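**Q** Under numbering that gives the first Met the number 0, the sequence shown has 68 at position 69, and the numbering climbs by one with no breaks. We put the CB at the ideal spot given by N, CA and C, even for glycine. All values derive from a computational prediction rather than experimental measurement. Sharing a structure below in structure tokens format, with a few things to ask.
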Amino acid sequence: MSYEKNFIDSALFEFKRYKTLGDRTFAQLDNQDIHWTYSDTDNSIAIIVKHLVGNMRSRWTNFLEEDGEKIWRNREDEFENGYGSKKEMLEAWAKGWNCLFDALATLNGTNFNTPIRIRNEQHTVIEAVHRQLAHYSNHVGQIVFIGKMIKGAGWNSLSIPKGGSATFNKEKFGL
Numbered sequence: 000m001s002y003e004k005n006f007i008d009s010a011l012f013e014f015k016r017y018k019t020l021g022d023r024t025f026a027q028l029d030n031q032d033i034h035w036t037y038s039d040t041d042n043s044i045a046i047i048v049k050h051l052v053g054n055m056r057s058r059w060t061n062f063l064e065e066d067g068e069k070i071w072r073n074r075e076d077e078f079e080n081g082y083g084s085k086k087e088m089l090e091a092w093a094k095g096w097n098c099l100f101d102a103l104a105t106l107n108g109t110n111f112n113t114p115i116r117i118r119n120e121q122h123t124v125i126e127a128v129h130r131q132l133a134h135y136s137n138h139v140g141q142i143v144f145i146g147k148m149i150k151g152a153g154w155n156s157l158s159i160p161k162g163g164s165a166t167f168n169k170e171k172f173g174l
């Protein structure tokens, strides 16, 4: 396997893992939950998703040809008036991730060294992908945390639940 393919496959795996964390959080929430904020100055899940989708569409549309900060993007608007419904939010969420996955599918050994520009700064493909992976993991972590705050004791853990390490290790490793 080539270095380029290995990197792309690894990045896809990680992006899909974070998308799944978001998906599994959304499955536990209703329309009202996606608009909840801890305080008036905080972002709701609907706002965070709107920002993520705006970023994804901007960064990954024509990824190899255009600057990742598109002139049509209005970043400030992403932090106002989140999606009206969970259904609308999930549709946008899927479109954002599909834009990312479609762009990554175009990468190969012949274009892997193409310089990528984000806000007029030059990046390698690896730097650009890592930048977005870090950004998205941060916001997905916020989404999960807010979901956990909303659901409280009704939250279904997305990983090994607190106090469940011994059981997990026994099942996983026969310990």
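Quick check: S115 and G67, are their CB atoms within less than 8 Å of each other?
**A** Reading off the sequence, residue 115 comes out as Ile, not Ser. Taking 8 Å as the Cβ cut-off, I115 and G67 qualify as a contacting pair.
**Q** So what's E75 in DSSP terms, helix, strand or just coil?
**A** helix
**Q** According to DSSP, is I47 helix, strand or coil?
**A** helix
**Q** Three or more C-beta pairs closer than 8 Å, one from the segment 1-9 and one from the segment 133-146: is that the case here?
**A** Short answer: they don't touch.
**Q** Ordered along the chain, which non-local residues of its own chain (more than five positions away) have a Cβ less than 6 Å from that of K85?
**A** N30, I33
**Q** DSSP three-state label for I117, please.
**A** Reduced to three states, the DSSP call for I117 is strand.
**Q** Ordered along the chain, which non-local residues of its own chain (more than five positions away) have a Cβ less than 8 Å from that of L89?
**A** Correct list, in chain order: F25.
**Q** Taking only beta-carbon positions, decide if E90 is within less than 8 Å of chain D.
**A** The question asks about chain D, but that chain is absent: this structure has only one protein chain.
**Q** Going by Cα to Cα distance, which pick from Y2, Q27, A45 is closest to G83?
**A** A45
**Q** Going by alpha carbons, who is nearest to H175 out of F100, K94, S164, E75?
**A** Lying before the first or after the last residue shown, residue 175 is absent from the chain, which here runs from 0 to 174.
**Q** For H34, which beta-bridge partners are listed by DSSP?
**A** Note: H34 sits in no beta bridge, so no partner.
**Q** Counting C-beta neighbours from all protein chains within 10 Å, is the total for S57 16 or more, i.e. buried, or is it exposed?
**A** buried
**Q** May I ask which residues mark the beginning and end of the alpha helix (DSSP H) holding S136?
**A** 124-150
**Q** Give a yes or no on whether the C-beta atoms belonging to R72 and G53 are separated by under 8 Å.
**A** yes
**Q** Under 8 Å, do V143 and L28 count as touching if we go by C-beta distance?
**A** no
**Q** How many Å lie between G108 and E13 at the Cα?
**A** 20 Å
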